[in-house]
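Protein chains in written order, with my numbering: chain H, 26 to 229; chain W, 26 to 229. Structure record follows, encoded as structure tokens.
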DNA sequence: AAAATGTTTGACCAAATGGTCAAGAGCAGG
DNA sequence: CCTGCTCTTGACCATTTGGTCAAACATTTT
């Protein structure tokens, strides 16, 4: 079960199928609320077959989460310290919002894990994530002190971006029910709203 | 099992104890991830004893949710259409933030339920919640059209308030880990940040 | 203090759960 | 075609799960 390079085509395909199914199930019910049978059924494989590719339920979950953490931080990582502050932040917001639209299950998987106390990714949060956030927060603080951004707490700014963008994925059902009969342009509306919000917040 | 008026003192006390324990457990693991044994143990009661007061696991969950929905919408409900727009909204934000700080389990219970597709509160959302939101959104839109607020989409404004305030409860672990060695004034910082954010967003 | 009512629980049940295993099916290289 | 390997699964297992029940224990009412 080399994570680096699954050997055969069958392995590659099945591991792919399993992770896809597991994402479906875990993102909806959380770790403890999900069952191997559910995942197996969703994947169209037998339960022992899952356990041929992964040693346990937890291993599947961990595989999903570690794959996710990397992608999830991509947009923040690519915020350029030498770029133009407001456009840099606005485009970070946009990229995060697009991820919420395009990968809502990933967002929910992450949300579930954090709500449950992050037992399986505490280390990643204290490590990679915190390092990255500290780094970017200091960039933002520098921008503020240079007068390129209105005065804001950099950490809470980052939290606000996560919160506002992920909300559209994590609370999708609620948003949809409340906006019910409204026109189906919700993503564009959200995009416009967030651009306005962060522009007004950050313009010196 | 009169929900209106539990008869004896013992009933009142035990129902209270059970709901308290259930809130602890459900808010952490979601409905499917929680077990009656866990709740019973947390409550210090035997499992059959729980089922003497509630007919099923689901009944406990529903009882919690319906109690919650009412309290949860209190702050929004008390936003005064005849008040001063910006202070009204800012104080709504503050009250919501305080609820996140003082009742994080309730916030997580709600978040879990929505993430999982809101199977047990879909009706409440389509009904009471939507009605209230429609009502308040129209108040906000009126304020905007009267020039008392900067131009914003009322619905997304409300979503943003929910999202930003609840984030501090739902993602508490993440926030705490990222802010680790920082001073322990996180609530005041958040409060100040949100006041700034909404003031800049809404001031015409 | 007896009768009636309310409360508690040990023992139990059927179904579901995470996981194992041995045996069979499929497939690649010689 | 045969050999050795990868892949698949039915049958199985111990534990946990939501839920039942009758019998014991408390409390209140008469």
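Glycine included, C-beta positions come from ideal geometry on N, C-alpha and C.
Contact the segment 151-164 of chain W vs the segment 189-206 of chain H: 3+ CB pairs below 8 Å: yes
Assumed close pair residue 142(W), residue 36(H) - CB separation to whole angstroms, cut-off 8 Å: Actually they are not in contact, since the Cβ atoms of residue 142(W) and residue 36(H) sit about 32 Å apart, beyond 8 Å.
Residue 148(W) - DSSP class collapsed to helix/strand/coil: helix
Contacting residues, own chain, Cβ-Cβ under 7 Å from residue 120(W) (five flanking each side not counted): 100
Residues near residue 56(W) in its chain [Cβ-Cβ closer than 6 Å; skip 5 each side]: 86
Under the three-state DSSP convention, the category residue 138(H) falls into: helix
Per-residue DSSP class, three states only, for residue 58(H): helix
Closer than 9 Å to chain H by CB, residue 198(W): yes
Cβ-Cβ distance between residue 222(H) and residue 185(W) below 9 Å: yes
Proximal residues, the segment 137-154 of chain W versus chain H, C-beta separation under 8 Å: 137, 139, 140, 141, 142, 143, 147, 150, 151, 154
C-beta contact flag for residue 175(H) and residue 115(H) at 9 Å: no
Chain-ordered residues of the segment 179-198 of chain H with a beta carbon less than 7 Å from chain W: 180, 181, 184, 185, 188, 189, 192, 195, 196, 198
Residue 81(H): first and last residue of the uninterrupted alpha helix (DSSP H) it sits in: That residue, residue 81(H), is in no alpha helix (DSSP H); it is neither H nor E in DSSP.
From 110(H), 43(H), 132(H), residue whose alpha carbon lies closest to that of residue 172(H): 110(H)
Boundaries (first-last residue) of the alpha helix (DSSP H) holding residue 109(W): It is not in any alpha helix (DSSP H) - residue 109(W) carries neither H nor E in the DSSP assignment.
Close-in-space but distant-in-sequence residues of the same chain around residue 138(W) (CB under 7 Å, 5 per side omitted): 90, 145, 146
Anticipated Cβ contact below 8 Å, residue 195(W) with residue 136(W), distance rounded: 5 Å
Coarse secondary structure for residue 69(W), derived from DSSP in three states: coil
Beta-carbon spacing of residue 122(H), residue 190(H) below 9 Å: yes
Inter-residue CB distance, residue 68(W) and residue 40(W) (contact presumed, cutoff 8 Å): Wrong, their Cβ atoms sit about 10 Å apart, outside the cutoff.
Inter-residue Cα distance where the pair is residue 125(W) and residue 193(H): 19 Å
Inter-residue spacing [alpha-carbon to alpha-carbon] between residue 129(H) and residue 79(H): 24 Å
Straight-line Cα distance separating residue 131(W) from residue 93(W): 7 Å
Simplified DSSP assignment, three categories, for residue 1(H): There is simply no residue 1(H) to check, as chain H begins at 26 and stops at 229 in what is shown.
Reduced DSSP category for residue 102(W) - H, G, I as helix; E, B as strand; rest coil: helix
Check whether residue 88(H) and residue 75(H) have beta carbons under 9 Å apart: no
Buried/exposed call for residue 59(H), threshold 16 Cβ in 10 Å: buried
Close beta carbons around residue 98(W), own chain, < 8 Å, minus the five adjacent residues each side: 153, 154, 157
Residue nearest to residue 96(W) in terms of C-alpha spacing, selected from 105(W), 127(W), 81(W), 180(W): 127(W)
Reference residue 84(H); option with closest CA among 48(H), 182(H), 179(H): 48(H)
Length of the line joining the Cα atoms of residue 133(H) and residue 33(W): 42 Å
Environment of residue 216(H) [buried if 16+ CB atoms lie within 10 Å]: buried
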